[in-house]
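Everything below concerns the one structure shown next.
Chains as they are written, first to last, in our numbering: chain A, 1 to 186; chain B, 1001 to 1186.
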């Protein structure tokens, strides 16, 4: 069974993306990167660029599924609105490309990838690098996007196995839930 | 001097739009309507539809400018995020079409159109109908969109005249700041 999954971490300034592929139970890295808004662009110009860039990423890597962090609403209405704008554009691109969208809570993604629902950004970067056998740790936003994609790759497998995906005990960082085929680089 | 202005009132369920044209100091109605998300659509599908529909409206009516209400952030982070998503898509469409975006505070729009910064939705509908000599009052979201467009039509003129656009006294509803050419229907 094979599925290519696009993770997106939308942001008003930087949007991370990551593509992984699930092949017969293992997960391999395909690509990742960050889309950075030009600083001198107006909001409408930056959001239009984001939409176009995401469609280009989708066209290039042809994922079947998209995985995005659920809305994190604790930071106040102002930042929620600005974040929501970038997120809306990402979702519109996902919808326009006909991808199935899956959303996961931030803690679920961290838990799934690092074994710790409260992992720091740095921890996520390190674990993603290790799991996907990357030469360098991805930038924080790309690592978060890869983590979202990995979380979905994992969730799908657990559901097929009939496993509860909500962990009752807190696993250690040394036993991540995502299993990765370490032989496949890039 | 002539300018065609697109007003947009983005919403997660219904997005209103309105197009007016400024012709030598008068403002005439061109079109208005509402874009309604299909209820059974997923969020990403609805946002993709919104983006496409707005580009169709822009392509059809060819405005040079867009006017959108500024973010209203008092309602809580959750609704701010959902509203932000629709707003982000609207801004991306405006940016993709190369329109210049102008943003106005909600109270400024109501003030400009009805003469009362705290006017109700119903008042805005009635005044917009009267100002633009429409046969029927537009739906609330379309009326808000027309009001945003009218506000910009007005703001541009006041700025050219060197008039302070922030009213010091509260004008009555009978003396709206927007002057409209009543001879031109539709």
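Every residue, glycine too, gets a C-beta built ideally from N, C-alpha and C.
These numbers come from a predicted model, not from an experiment.
Let me know if residue i comes out buried or exposed under the rule of 16 or more other beta-carbons within 10 Å of its beta-carbon.
{"i": "residue 1038/B", "result": "exposed"}
{"i": "residue 162/A", "result": "Reliability fails at residue 162/A, whose pLDDT of 45 lies under 50, so the model's placement of it is uncertain and the value that follows must be treated cautiously. Exposed is the call here."}
{"i": "residue 1111/B", "result": "buried"}
{"i": "residue 1085/B", "result": "buried"}
{"i": "residue 2/A", "result": "exposed"}
{"i": "residue 164/A", "result": "Any reading at residue 164/A needs caution, since the residue's pLDDT is 42, under 50, leaving its predicted position unreliable; the model's value is listed next. Answer is exposed; the Cβ neighbour count stays below 16."}
{"i": "residue 1067/B", "result": "buried"}
{"i": "residue 56/A", "result": "exposed"}
{"i": "residue 1004/B", "result": "buried"}
{"i": "residue 95/A", "result": "buried"}
{"i": "residue 135/A", "result": "exposed"}
{"i": "residue 1044/B", "result": "buried"}
{"i": "residue 24/A", "result": "exposed"}
{"i": "residue 1122/B", "result": "exposed"}
{"i": "residue 144/A", "result": "buried"}
Taking the C-alpha atoms as reference points, what is the distance between residue i and residue j?
{"i": "residue 1118/B", "j": "residue 52/A", "result": "38 Å"}
{"i": "residue 1139/B", "j": "residue 1033/B", "result": "8 Å"}
{"i": "residue 1141/B", "j": "residue 100/A", "result": "30 Å"}
{"i": "residue 58/A", "j": "residue 77/A", "result": "30 Å"}
{"i": "residue 1016/B", "j": "residue 36/A", "result": "31 Å"}
{"i": "residue 1062/B", "j": "residue 1028/B", "result": "15 Å"}
{"i": "residue 115/A", "j": "residue 1010/B", "result": "40 Å"}
{"i": "residue 70/A", "j": "residue 1082/B", "result": "12 Å"}
{"i": "residue 1147/B", "j": "residue 1113/B", "result": "6 Å"}
{"i": "residue 132/A", "j": "residue 22/A", "result": "12 Å"}
{"i": "residue 120/A", "j": "residue 1129/B", "result": "55 Å"}
{"i": "residue 14/A", "j": "residue 1060/B", "result": "33 Å"}
{"i": "residue 1189/B", "j": "residue 54/A", "result": "No statement about residue 1189/B is possible, as the shown extent of chain B runs from 1001 to 1186 and does not include it."}
{"i": "residue 1049/B", "j": "residue 1087/B", "result": "13 Å"}
{"i": "residue 91/A", "j": "residue 46/A", "result": "16 Å"}
{"i": "residue 19/A", "j": "residue 1137/B", "result": "49 Å"}
{"i": "residue 1006/B", "j": "residue 1079/B", "result": "25 Å"}
{"i": "residue 64/A", "j": "residue 1030/B", "result": "42 Å"}
{"i": "residue 1126/B", "j": "residue 1012/B", "result": "24 Å"}
{"i": "residue 1108/B", "j": "residue 1026/B", "result": "20 Å"}
{"i": "residue 42/A", "j": "residue 1042/B", "result": "29 Å"}
{"i": "residue 1008/B", "j": "residue 1089/B", "result": "11 Å"}
{"i": "residue 1124/B", "j": "residue 1093/B", "result": "26 Å"}
In the DSSP assignment, the alpha helix (DSSP H) including residue i goes from what residue to what residue?
{"i": "residue 1052/B", "result": "1043–1061"}
{"i": "residue 26/A", "result": "Counting along the chain, residue 26/A falls outside any alpha helix (DSSP H), though it belongs to the beta strand (DSSP E) covering 26–36."}
{"i": "residue 1112/B", "result": "1106–1114"}
{"i": "residue 126/A", "result": "121–131"}
I need the boundaries of the beta strand (DSSP E) containing residue i, first residue and last residue.
{"i": "residue 1095/B", "result": "No beta strand (DSSP E) contains residue 1095/B, which is instead part of the alpha helix (DSSP H) from 1077–1096."}
{"i": "residue 1002/B", "result": "1002–1009"}
{"i": "residue 39/A", "result": "Unbroken run through residue 39/A: none, as it is neither H nor E."}
{"i": "residue 1022/B", "result": "1014–1023"}
{"i": "residue 65/A", "result": "65–69"}
Any heavy atom of the ligand PLP closer than 7 Å to the CB of residue i?
{"i": "residue 93/A", "result": "Summarising the ligand content, the structure contains no ligands, and the ligand PLP is consequently not present."}
Exercise for the section: Flag this pair as touching only if the region 1145–1156 of chain B and the region 1100–1114 of chain B have three or more C-beta atom pairs under 8 Å; answer yes or no. Expected result: yes
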